[in-house]
Amino acid sequence: MRGTLELWVARGEPMDVLKSLNARTLGYPLLLVVLCFLLFFWKLGDIPFYSRGEPREGLVVWEMSSSGNWILPLVNADYIPFKPPLFHWFGILVAKVLGRVDEFSVRFPSALFATLGVFLTYLAGARLWGKKAGIVSAFVLATSPEWWQTAVIAQVDMTLAFFTVAALLLFFSLYRNGRSTKAESLGLAVLLALATLAKGPVGILLPSLTIFVFLCIERNLVFLKKLHMLPSAALFLLVAGSWYGLATWKGGQRFLLRQIVDENLLTAAGVEGHYQPFYYYIPVFLVITAPWSLFLPSLCLYLCAQRHRLREEHLHYPLVWLAVVFLFFSLSLGKRGVYILPLYPAAALLLGAWWVKLDQGEVHPLWLVRLPGYLLAACYLFVAGTFLLRSPGWYPFEINNGGILSLFLHAKIAPSLLTSICLAAFLLACVLLRRSWNWAFVSLAIMTTATAVIVKDLYYPFIAGERTLKPFMERVKRKVEGKSPLLFYQSFDYGAIFYAGRHIASYRESGRELQPPFFVLMWEEEWKKMQAQKGLRLLDRSEGKGPAGRHHMVLAEVTANTPLPDLERISTEAQ
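According to numbering that gives the first Met the number 0, the residues represented by the sequence shown are 0 to 574, in order.
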């Protein structure tokens, strides 16, 4: 390199230097940095909390910051957190650097681990099948809707996914080498412990089950002896078990019931959480990996054709990984789309390997690739073209119902993004005829990235504006002095507590002992039932309708020493 630079200076030929660099070696990582910035970090803190889950995790970070208790802080001075603290520890570290606990600091760990997951997938694909497979796998992962959507919200699932993926990839690297040093085995144990500290026992159970099934298929369970099981188990217990021991000491039975029984056993049994049928993840996986899922039929045929060479092609491990995670969560009665996040890198790796074989002419029949390609080109061209035609003031139909479709049709979308989608869709249709699969991937990458940027820039701000309580609670803070009592009447909202920056007790538990004046927060439906109550004055009403999108919150001042009526509790999913 030094000689090349000297030659360039002597001859004044900058192109010589550029040609001497391996563009793919430097270009692919830089390209992924730009991609991850656009999809994960751009405007990360601009959107206020509007769901139930994000402020709940944010409150844990806030409690850690305000109380100094990093082991088991009591949220709102009342309840034990639902999840282990690894995600929150990273959040509090970011908050310490920035000097504040806000949307950006709480969401940053998800964006960070999503980025690291993309780079791990790139490195794994590049090592197994070449750099082209690595970059395809990384783009497939980053632009899969569930991955980038989870990357921009405050949830523990991306933290779990990253450490699970890191552990599984490290194990496969050790297995391919046929050995494991003690340091490597201890590193694997640390990754498993961190996965456990991200979301509980599933962090050790899921990768361990995947590894066990893989070794059974390989008929090589003896490899476990090479992983230095005793010192690895001791280190795992030290890292993960130390927190569980301290948390049990501080929280006792309440902690065990909340984080072990409720969050793991009862969720798996469908008692707590979201009950769904066994087949739930089949359509969910196809939808939240779109548009890449349209190529899964061709991938499946290729894997069937190569079934006797899966080990030789290094396809068996990601296939087992995907299948075990999919079946594991399918057997659980409590299901959400985000639960299967750890299998997305495996699917992305398989698609990356398949794309390389497609470029080498080893994938048949080609109509299974071309057909979804033409379908995508037509759909993207039609939708993006419709938005472009809207700019001069006309388009095929008019919608003014105030819904999501109306939002997109009337929103100001950057013409450059729409034009890039149209050009990429047109290019895709052209290159499919010529079997230029590299250009086909470039077209798909542009289309999916631009679409994600548009959705991120339009949809989430719209939903947040409809639901967030942030502007309302900022006014509440100004109207209610810091030392004045503020209570929930019968309502409850994590976002209200987060943006209040203080604990908000329940009127049922504390309000009857207070002397007026004091302030209460309630849902508008509750206020309407008691607005004739003497000594109760309405001060403000929220613009947002809360996490469920159905309930405005109001602030009222209690001015008379008259107990508020004990209304029948209004069922609100906004909690």
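Glycine is no exception: its CB is placed at the ideal position from the N, C-alpha and C atoms.
The model shown is predicted, which means the values in this text are computed figures rather than measured ones.
Here DSSP, grouped into helix, strand and coil, assigns serine 143 to coil.
The count of Cβ pairs closer than 8 Å, one atom from the stretch 364-375 and one from the stretch 415-433, reaches three, so the stretches are in contact. Closest in C-alpha terms to valine 519, from the list Ser483, Thr288 and Asp358, comes Ser483. Annotated as proximal: tryptophan 354 and phenylalanine 440, with beta-carbon spacing under 8 Å. Using a C-beta cut-off of 8 Å, the stretch 47-65 makes contact with the stretch 94-102, since at least three inter-stretch Cβ pairs fall below that distance. One alpha carbon belongs to alanine 289, the other to tyrosine 121, and they sit about 20 Å apart. Around the beta carbon of serine 541, 16 or more other beta carbons lie within 10 angstroms, which makes this residue buried. About 4 Å separates the beta carbon of alanine 239 from that of threonine 195, a gap short enough to meet the 8 Å contact definition. Per DSSP, glutamate 56 is not a residue of any beta strand (DSSP E); the alpha helix (DSSP H) it occupies stretches across 52-66.
The beta carbons of cysteine 35 and valine 117 sit about 6 Å from each other, so the pair counts as a contact at 8 Å. A straight-line Cα-Cα distance of about 41 Å links glutamate 508 and tryptophan 147. It is roughly 42 Å from the alpha-carbon of valine 479 to the alpha-carbon of leucine 340.
Cβ-Cβ separation between leucine 350 and valine 135: approximately 7 Å, consistent with a contact (criterion under 8 Å). Relative to valine 93, the option among Lys82, Phe162 and Arg106 whose CA is nearest is Arg106. Closest option to phenylalanine 254, judged by alpha-carbon separation, among Leu326, Ile79 and Val60: Ile79.
Around the beta-carbon of glutamine 530, fewer than 16 other beta-carbon atoms lie within 10 Å, marking it exposed. Distance between alanine 449 and glutamine 489, taken at the CA atoms: about 44 Å. According to the DSSP assignment, aspartate 456 belongs to the alpha helix (DSSP H) that extends over 436-466. Pairing alanine 113 with methionine 157 gives a Cβ-Cβ distance under 8 Å. Comparing alpha carbon positions, the residue from Phe86, Ser104 and Leu127 closest to leucine 348 is Leu127. Where phenylalanine 161 is concerned, the enclosing alpha helix (DSSP H) starts and stops at 156-176.
Annotation note: the stretch 316-383 contains the following uninterrupted alpha helix (DSSP H) runs of length 4 or greater, listed N- to C-terminal: 343-358. Of Ala137, Ser241 and Val155, the smallest CA-CA separation from valine 32 is found for Ala137.
Rounded to the nearest angstrom, the gap between the Cα atoms of leucine 563 and tyrosine 280 is 47 Å. Within the same chain, Tyr379, Leu380, Ala383, Gly384 and Leu387 come within 8 Å of cysteine 421 by CB-CB distance, once the 5 residues on both sides are set aside.
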